[in-house]
Every structure is written in C-alpha cells, then in structure tokens.
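A.B. asks: The opening residue of the sequence shown carries number 500 in the working numbering; numbering runs sequentially from there.
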Amino acid sequence: MNYLEVPIMSLIKPKKRRGPKLLWLIIVILVIVAAGAGYVYFTISSVSGSDEMKASYVDYLFHWQEGNEHVYYYLRTTVSARTSVVTFPVFATIENSREVLDPQLGAEAMRLVHSWLNTNSDFSYFVNLSPKLISELASGLGVNASNPVQLIDAMALRGFKLFDYWKINGLAETVKENDGSTTLT
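1) Could you check where the beta strand (DSSP E) with residue 642 kicks off and where it finishes?
2) List the endpoints of the continuous alpha helix (DSSP H) containing residue 555.
3) What three-state label does DSSP hand residue 597 in the structure shown?
4) Counting pairs of beta carbons, one from the stretch 579-597 and one from the stretch 525-538, are three or more of them closer than 8 Å?
5) Report buried or exposed for residue 621, applying the criterion of at least 16 other Cβ atoms within 10 angstroms of its Cβ.
6) Can you find the residues in the same chain that come closer than 8 Å, C-beta to C-beta, to residue 695, ignoring five residues on each side of it along the sequence?
7) Should residue 680 go down as buried or exposed, given a rule of 16 or more other Cβ atoms within 10 Å for buried?
8) Identify the residues that DSSP records as bridge partners of residue 657: which are they?
9) How many angstroms separate the CA atom of residue 599 from the CA atom of residue 590?
10) Given a threshold of 16 other Cβ atoms within 10 Å of its Cβ, counted over all protein chains shown, does residue 541 qualify as buried or as exposed?
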C-alpha cells in the first residue's frame with residue numbers, strides 16, 4: 500500500500516505576541532497620567548500653601564478712579580474666609596489727624612488707613628483701579644463687572660475655581676501692566 504502523504508495544514512494561525520509592546524504602552528500612559536496628576540497637585544499646593552493663603556490677615560487698598568470720581572476701597576480678608584470692605588472718599592481724614600487720604604500718596608495710603616483703623620496685616624497690597632483694568636480682570640475671571648464693588652461681589656459669588664490656580668500669575672501681570680505703582684506681587 501502506497502499512501503500518499505499529504506501534509507495537513509492547520510487553519511489555526513499562531514497568536515502574535517503583543518505582550519512587550521502593550522506593556523510599554525500601558526507604562527507610558529501611566530507615567531503620563533502620574534506626571535499630569537503630580538503637576539496639578541503641586542500647582543494647587545504651591546498656591547494653597549503660600550504665605551498669603553495661610554496669613555491671618557491680608558489687606559488690599561484699591562484706589563478707583565473713573566472720570567472725576569475717586570474712591571478708596573479697603574478690603575480685609577482673614578484666614579477664616581471672612582471679607583470686609585470699607586469705602587473711603589478721597590481726601591478723607593479723621594478727627595485730630597492732619598493726614599489726608601490723597602491720591603498722590605499711592606501705596607503709602609495703606610499705612611495711613613492701617614493707622615486710622617488701628618489694624619495690622621500680614622500682607623498689604625495697593626492697586627490703582629481703572630475701568631479698563633476692571634474690564635480685563637472681569638474678563639479673565641469670566642464675570643460681569645464694571646466697577647470694584649461689582650467685581651468683588653462677583654468674585655465672592657463665583658468662588659475659587661480649579662483653573663484659577665493657573666490664572667493667578669496672568670491676572671497679577673494684568674494688574675502690573677495697567678498700574679505701575681501697584682504693590683501686588
């Protein structure tokens with residue numbers, strides 16, 4: 500008997516080994532996600548852990564000028580998230596004081612307000628506000644405001660959002676570009 504030997508071909512294809520390539524892809528994705536999470540964590544921590552955020556009192560004195568209207572807004576914030584606003588007219592003075600709240604004082608006006616109110620703060624900042632600056636700050640924060648009171652109210656209602664951590668430097672630069680005499684850092 501003469502049998503013809505015919506090779507039997509299998510219809511089953513061998514599996515390709517994708518293990519190392521798939522493993523490297525997973526590792527790269529995990530490293531990218533971990534790096535992104537680390538970046539977000541350290542950015543938020545650097546702002547939340549800053550001396551200004553931990554300070555018991557941080558004071559801001561805003562000089563608002565729109566046309567012939569001049570007003571000072573003294574804003575005091577506490578570590579417990581309480582905020583107080585006091586409005587002073589330009590050229591204000593208190594009884595038995597020879598010092599006047601003059602727009603020419605600039606950042607020195609903060610010292611005068613502190614002495615009048617008998618307050619101290621860990622950090623104090625002075626900013627000259629204009630309608631243009633208010634508009635730019637409101638736009639940067641995504642709120643509607645045309646004067647300092649509206650901006651403060653809008654920010655209080657809005658709260659601090661996640662992406663604000665990355666906007667802080669840009670907003671500070673906007674203030675510095677519009678007001679060369681600011682003490683905001």
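Note that beta-carbon positions come from the ideal geometry of N, C-alpha and C, so glycine has one too.
C.D. replies: On the basis of the data shown:
1) Boundaries cannot be given for residue 642, as no beta strand (DSSP E) includes it and DSSP labels it neither H nor E.
2) Note, residue 555: premise wrong, no alpha helix (DSSP H); not H, not E.
3) In this structure, residue 597 counts as coil in the three-state DSSP scheme.
4) Cβ pair count under 8 Å is below three, so no.
5) Residue 621 comes out exposed.
6) The first residue shown for the chain is 500 and the last is 684, placing residue 695 beyond what the model contains.
7) Residue 680 is exposed by the Cβ-count criterion.
8) None, per the DSSP bridge assignment.
9) The straight-line gap from Cα to Cα measures roughly 5 Å.
10) By the neighbour-count rule (16 or more Cβ atoms within 10 Å), residue 541 is not buried but exposed.
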